[in-house]
Amino acid sequence: MATAVFDTLIQEALDGPFEGWDFSWMRGRWHEDKPPWDYRAIIESYLPAATALLDMGTGGGEFLSSLKPLPDFTAATEGWLPNVPVASQRLAPL
């Protein structure tokens, strides 16, 4: 029984939408503990004085595009080829 449920969940994950870095469709299927630090707060504390910003492994650019204001020289990399056009479409206007 447990194997059948596991196999079903794995198959649903393989068949599910995967674009960018959005796993919200899997909400409720895992538990994660939040780290004792706030990544967004750390990045935002450096942004006002930053002259450049590099986002390595940007996914679909969701996080990077949410930061304001971005330095004049901002770049992103993404190693998973299907995410490159997603990130490019989201980030190019910025």
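Here the sequence shown stands for residues 6 to 99, numbered as in our numbering. Note that beta-carbon positions come from the ideal geometry of N, C-alpha and C, so glycine has one too.
1. Check F78 in the structure and name its three-state DSSP category.
2. With a threshold of 16 other CB atoms inside 10 Å of the CB of A97, please say whether the residue is buried or exposed.
3. Going by DSSP, what residue range makes up the alpha helix (DSSP H) through A57?
4. Could you check whether L75 and L58 sit closer than 8 angstroms to each other, using their CB atoms as the reference points?
5. In or out: V91 buried (at least 16 other Cβ within 10 Å) or exposed?
6. Using a Cβ distance threshold of 8 angstroms, determine whether the region 63-72 contacts the region 17-34, with at least three qualifying pairs required.
7. Is E83 buried or exposed, if buried means 16 or more other CB atoms sit within 10 Å of its CB?
8. Is the separation between the beta-carbon of L99 and that of S71 shorter than 8 angstroms?
9. Could you compute how far the alpha carbon of S50 sits from the alpha carbon of A81?
On the basis of the data shown:
1. strand
2. exposed
3. Element bounds for A57: not the alpha helix (DSSP H) but the beta strand (DSSP E), A57 to M61.
4. Here L58 is near L75, since their CB atoms are less than 8 angstroms apart.
5. Buried.
6. yes
7. Here E83 is buried. Its C-beta has 16 or more other C-beta atoms within 10 Å.
8. no
9. 19 angstroms
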